[in-house]
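Q:
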Amino acid sequence: MGQIFARAFTEQSLLRAWGAVRASALDDGEPDREVDLFERRAAGRIVELAEQLAAGTWRADPVRRVDIPKPSGGVRRLGIPPLADRVVERALLDELDPVVDPGLLPWSFGYRRGLGPKDAIAALTDARDEGATWVARSDVRDFFTRVPQWEVLRRLREVIDDERVIHLVGQLLDRPVQGGRTATPDRGLGLHQGSVLSPLLSNLYLHEFDRRMLEAGWRVIRFGDDFAIPVESAERASVRWSAPGPSSATCGWRSTAGSPTWCRTTRACASSVRP
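The numbers in full-length UniProt numbering rise by one with no breaks, and the one at position 254 of the sequence shown is 254.
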C-alpha cells in the first residue's frame, strides 16, 4: 500500500483534482481571481506541483481564517487553504478515501459519499421500530479545534503503509492560520475546517469511539461529532450511561460534551441529530 503517494500525485491525478477544486470553488461562489490566476497556467502549475511533491520540496502554505456565523450563535471558524494546496489535498483525498472509508462502522453517516442525514434518521427510525424508545444525544465539545494531531497520524498509520503520506498529512495539519487568532489554539491540536481532508480524518479519529462503544453494548449513530444512542428505556439508559465504559481517556478525547440530552425516538428527535 506504499504507492498511495505515487498514485495521488501524478500529473493526471493532480489535473483531476484541479478540476474538482475549480468546480467546487465556482459552486461556492468564491471570487474568481484565485481560480483565474491558477487556470491561466494550470498545466504549468500542475507540472510544478507534481515535480515538487515527487522531490519532497513542496510545502503547504498557511490557511486563511474565515468565521461563519452559526444559526445557534457563535461562529464556526474555518481555515481555508490556498487554491494550490486544495488541489494537493483533493488529490490525496481521492486516494485515501477508498482505503479509510470501508473500515468505518455502518452507523457513521457524516461526511461519507452516498450517506447523509436522511440515512442517520432512517437508522434511528429502524432502532425505534426494534424497540428503542429513547435516544441519548450528545456531541464532542470543540471537536475540530481539540483533536490531537499525533493521534490522527497514529490511526492513519494503522490503515496505510506510506510514510510519505503520513509526513504530508502531518504538514497539512500543522499549518499556521492567517487572520487573527489561530484556529488551532494549542500546538499539535486541531483539524482545519475548510480542508477537504478534515472530514475523513475526523471519521478516522472517531472510529475508535464508535468501536469501543459498540464493544460496550452501545450502538452509536454518529454524524460527524454529533451522535445519538438509541436505548430501550430511559431507566435502563441512565443506569448504563453512568456505568463504567468508554471514556474520553480510553477513546483519546481531550474534551467531550457533558451529560447527554434524552428524547423519545420521534421523527423530530431523530431529525435533530445532524451538524
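We treat Cβ as the ideally placed atom computed from N, Cα and C, and that holds for glycine. Please read these numbers as outputs of a predicted model, since none were measured by experiment.
Would you decide whether Ile-68 is buried or exposed? Buried here means 16 or more other CB atoms lie within 10 Å of its CB.
A: exposed
Q: Taking Val-75 as part of the beta strand (DSSP E), name the residues at either end of that continuous run.
A: 75-80
Q: Please look up how many angstroms separate the CB atoms of Asp-77 and Gln-193, rounded, as I've assumed it's under 8 Å.
A: One point to set straight first is that residue 77 is Arg, not Asp, in the sequence displayed. Confirmed, about 7 Å.
Q: Just the C-alpha distance for Val-35 and Pro-71, rounded to the nearest angstrom, thanks.
A: 30 Å
Q: Thr-133 and Ser-233: beta carbons closer than 8 Å?
A: Against a cut-off of 8 Å, the Cβ pair of Ser-233 and Thr-133 comes out as a contact.
Q: Use the C-beta contact count for Val-220: other C-beta atoms within 10 angstroms, 16 or more gives buried, fewer gives exposed.
A: buried
Q: Suppose you measure from the CA of Ser-195 to the CA of Arg-155; what does that come to, to the nearest Å?
A: Taking the straight line from one Cα to the other gives about 19 Å.
Q: Which word fits Thr-57, buried or exposed, when buried means at least 16 other C-beta atoms lie within 10 angstroms of its C-beta?
A: Around the beta carbon of Thr-57, a 10 Å sphere encloses fewer than 16 other beta carbons of the protein chains shown; the residue is thus reported as exposed.
Q: Quick one: what does DSSP say Phe-9 is sitting in, helix, strand or coil?
A: When DSSP states are grouped into helix, strand and coil, Phe-9 belongs to the coil group.
Q: Let me make sure I understand the geometry here. Which of Arg-86, Arg-65 and Asp-129 has the alpha-carbon closest to that of Leu-49?
A: Arg-86
Q: Straight-line CA distance for Thr-182 to Pro-199?
A: Note that Thr-182 scores 44 on pLDDT, short of 50, meaning its location in the model is unreliable; the coordinates nonetheless yield the value given after this. Their backbone Cα atoms lie some 19 Å apart in a straight line.
Q: Could you tell me the alpha carbon to alpha carbon distance between Arg-7 and Ser-13, rounded to whole angstroms?
A: 7 Å
Q: Quick check on Leu-26: buried or exposed, where buried means 16 or more other Cβ atoms within 10 Å of its Cβ?
A: By the neighbour-count definition (other C-beta atoms within 10 Å, threshold 16), Leu-26 is an exposed residue.
Q: How would you write the range of the alpha helix (DSSP H) that Arg-154 sits in, first residue to last?
A: 149-159
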